[in-house]
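Written below as structure tokens is the structure these notes are about.
Residue numbers (this note's numbering), protein chains in the order written: chain A, 3 to 318; chain B, 335 to 607.
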């Protein structure tokens with residue numbers, strides 16, 4: 003790495019901003035050309051009369067030509083205004099800020115737990131030869147990862163919640179209670195996400211053990227102990243991290259479910275409600291934000307992969 | 335090479351690795367059960383939230399419907415929804431990727447750019463954009479996941495098609511006067527069908543998770559039809575009184591996803607050899 007921020011990162015950031023813009027645009031037109039009409043739902047539930055709906059449509063600007071609405075929306079976005087919720091009238095940016103306080107700690111903790119859990123169990127599971135023979139413990143780890151990766155988050159979350167009920171009925175100090183409220187959904191998420199990461203780590207570490215650079219290391223008299231293990235792990239972690247970045251996509255779907263199961267008023271639940279009701283400005287903002295978050299996770303993963311594996315640094 | 339030579343090929347693979355066969359049996363039972371149950375009308379609703387007993391093996395749900403019956407009927411529904419969306423992804427991604435890989439030139443450049451753009455966002459987000467437009471419903475879920483997953487296959491098949499395009503037998507077919515369409519269907523497709531089926535099965539596992547998740551979240555529309563994800567959501571509401579319902583729905587879902595994944599992995603490994 004010659005300079006601190008190489009050109010290719012700047013280029014990537016710009017490209018990714020275009021992607022986020024495309025997602026927001028897609029959402030904008032899909033919602034307005036689609037079948038979900040938020041105001042029709044209001045009349046159907048008897049919350050507004052026909053005339054009131056027409057009037058609301060006018061105040062919200064939904065009766066204007068699509069391209070006018072689009073231009074207006076993006077002028078707003080450039081000024082940092084994301085619009086207001088059709089249903090609550092709240093400022094979308096403010097809503098996101100409040101909900102993010104619930105989602106960001108959950109996602110960060112779940113991701114951290116996933117990587118730690120996945121890497122360690124994956125390293126244990128990888129201690130087998132290429133024919134699949136190996137110690138009992140590595141087989142158990144391997145099977146546990148396969149089962150964990152297939153566990154629906156809704157289910158594991160429900161079981162964890164149920165198991166923790168006796169804990170919540172105890173008189174606990176408040177910080178501990180809050181910690182549990184965060185730890186439970188994060189563990190449910192980490193079980194599934196971490197297992198997927200672990201499965202990738204298992205393959206990657208096993209392949210890395212067989213690589214030539216290790217033979218060379220040993221031929222040069224490098225001891226086989228801990229420091230050699232670290233070099234193997236370091237080379238194997240890079241592709242796993244790339245995958246962990248991709249798994250952030252799963253985290254996104256997973257947070258929607260855990261927030262519903264654990265009744266956390268976070269971004270995932272906000273997105274589910276907004277899509278179901280057709281709350282245009284909220285859906286647009288959240289989908290664009292999700293794309294942005296996914297891209298950021300991916301970039302962090304790639305960046306750290308380059309820090310860890312010397313070969314990747316030189317190749318790019 | 336020694337004793338196994340005398341055994342039949344099927345038996346020897348099953349003995350060496352019973353996992354895919356167990357998976358096949360489970361999936362076959364699931365589908366057969368769904369068909370069987372579909373032949374009869376749903377049993378009449380009785381007392382709500384009965385515990386498991388002789389006439390209702392898994393008890394009854396909040397509306398008094400037989401939970402076991404709904405589990406069997408719902409499994410086939412979840413499975414077929416996921417299957418539909420996976421097939422949609424493969425077909426769409428297939429046309430997209432093979433056209434790009436086979437045509438080359440500016441067509442390839444345009445189609446590849448589109449692929450990159452679609453792959454830059456998670457398939458689930460693209461699916462949610464589609465769901466936001468279509469509104470909740472069973473067909474909407476299938477369509478959303480099918481369209482969302484198409485780009486993954488497009489990239490895979492573009493790479494495969496690009497590799498095979500330059501092979502000698504493709505050139506030979508061309509020299510013998512085979513047209514583009516014939517070369518794609520008679521020479522290209524048979525040669526990539528192995529990896530395609532394997533990735534298809536792995537993708538199918540993904541589709542299954544997401545069909546159930548979207549239904550769990552309420553994107554599936556009409557609540558009367560049984561579906562595992564939706565049933566898990568319903569069972570969640572009565573978890574205190576009838577925990578076995580959520581356990582059954584979740585376990586069945588997990589088991590089926592494992593079965594599909596194991597089959598896909600086994601097939602992928604088999605094709606690598």
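All residues carry an ideal CB built from backbone N, CA and C; glycine is no exception.
Neighbourhood of residue 51 (chain A) by C-beta, 8 Å cutoff - its chain only, sequence neighbours within 5 removed: 45
task: Report buried or exposed for residue 503 (chain B), applying the criterion of at least 16 other Cβ atoms within 10 angstroms of its Cβ.
output: exposed
(message) Can you list, in chain order, the residues of its chain with a C-beta nearer than 6 Å to that of residue 419 (chain B)? Leave out the 5 residues immediately preceding and following it.
(response) 476, 479, 480 and 541
(Q) Please identify, using Cβ separations under 8 Å, the residues of the stretch 539 to 557 of chain B that lie next to chain A, in order along the chain. (A) 539, 543, 544, 546, 547, 550, 551, 552 and 553
field: is_contact[residue 36 (chain A), chain B] using C-beta, thresh 8 Å
entry: yes
Using a Cβ cut-off of 8 Å, pull out every chain A residue sitting near residue 476 (chain B), in sequence order please. Simply none; closest approach about 16 Å.
Exercise. Output the boundary residues of the alpha helix (DSSP H) element that contains residue 159 (chain A).
Key: 155 to 171
- Query: residue 51 (chain A) by DSSP, collapsed to three states: which one?
  - Reply: coil
- Task: Could you tell me which chain B residues have their CB closer than 7 Å to the CB of residue 274 (chain A), listed as they occur along the chain?
- Result: 551
For residue 86 (chain A), which residues does DSSP report across the bridge? A:93
| Are residue 569 (chain B) and residue 585 (chain B) closer than 8 Å when you measure CB to CB? | no
>> List, in chain order, every chain A residue whose beta-carbon is nearer than 7 Å to that of residue 573 (chain B).
In response: 160 and 164
message: Assuming residue 94 (chain A) and residue 81 (chain A) are in contact, meaning their beta carbons sit under 8 Å apart, how far apart are those beta carbons, in whole angstroms?
response: The Cβ separation is near 13 Å, so there is no contact.
Kindly give me the distance between the Cβ atoms of residue 152 (chain A) and residue 595 (chain B), rounded to whole angstroms, as I take these residues to be in contact under 8 Å. 6 Å
Return the first residue and the last residue of the alpha helix (DSSP H) that residue 403 (chain B) is part of.
-> 401 to 437
- Message: Less than 8 Å between the C-beta atoms of residue 468 (chain B) and residue 431 (chain B), yes or no?
- Response: no
| query | Of the residues A:289, A:281 and A:298, which one's Cα is nearest the Cα of residue 62 (chain A)? | reply | A:281
request  = With 8 Å as the C-beta to C-beta threshold (strictly closer), list the residues of the stretch 99 to 110 of chain A near chain B in chain order.
outcome  = none
#### Entry: Within chain D, the residues that residue 497 (chain B) reaches when beta carbons sit closer than 7 Å
Among the chains of the structure shown, chain D does not appear; the protein chains present are A and B.
Does any CB atom of chain A fall closer than 8 Å to the CB of residue 584 (chain B)?
yes
| request: Measuring alpha carbon to alpha carbon, tell me which of B:566, B:411 and B:407 ends up nearest residue 377 (chain B). | output: B:407
Review point. With which residues is residue 394 (chain B) paired in a DSSP beta bridge?
Key: B:400
*asked:* Could you check whether the Cβ of residue 154 (chain A) sits closer than 8 Å to any Cβ belonging to chain B?
replied: yes
ask   = If you follow the alpha helix (DSSP H) that residue 27 (chain A) is part of, which residue opens it and which one closes it?
value = 9 to 35
- Element boundaries [alpha helix (DSSP H), containing residue 557 (chain B)]: Run containing residue 557 (chain B): none; DSSP gives neither H nor E here.
Fill in: Contact set between residue 532 (chain B) and chain A, taken where Cβ atoms lie within less than 8 Å
In chain order: nothing, as chain A lies at least about 15 Å away.
**Asked** Interface residues of chain B around residue 259 (chain A) at Cβ under 9 Å?
**Response** 547, 550 and 551
Checklist entry - So, is the C-beta of residue 592 (chain B) closer than 8 Å to a C-beta in chain A? => result yes
Checklist line | Contact set between the stretch 455 to 467 of chain B and chain A, restricted to residues whose Cβ is under 9 Å from the partner | finding: 455, 456, 457, 458, 459, 460, 462, 463, 464, 465, 466 and 467
Whole angstroms is fine: what's the gap from residue 409 (chain B)'s alpha carbon to residue 390 (chain B)'s? 18 Å
Give me the Cα-Cα distance between residue 159 (chain A) and residue 16 (chain A), rounded to the nearest whole angstrom.
38 Å
Legend entry - Contact set for residue 624 (chain B): own chain, Cβ-Cβ below 7 Å, skip 5 residues either direction: The question about residue 624 (chain B) has no answer here: the residues shown for chain B are numbered 335 through 607.
Cutoff 8 Å: residue 296 (chain A) Cβ touching any chain B Cβ
yes
- Please name the residue in A:107, A:113, A:308 and A:92 whose C-alpha comes closest to that of residue 180 (chain A). A:107
| N- and C-terminal bounds of the alpha helix (DSSP H) containing residue 381 (chain B) | Note, residue 381 (chain B): premise wrong, no alpha helix (DSSP H); not H, not E.
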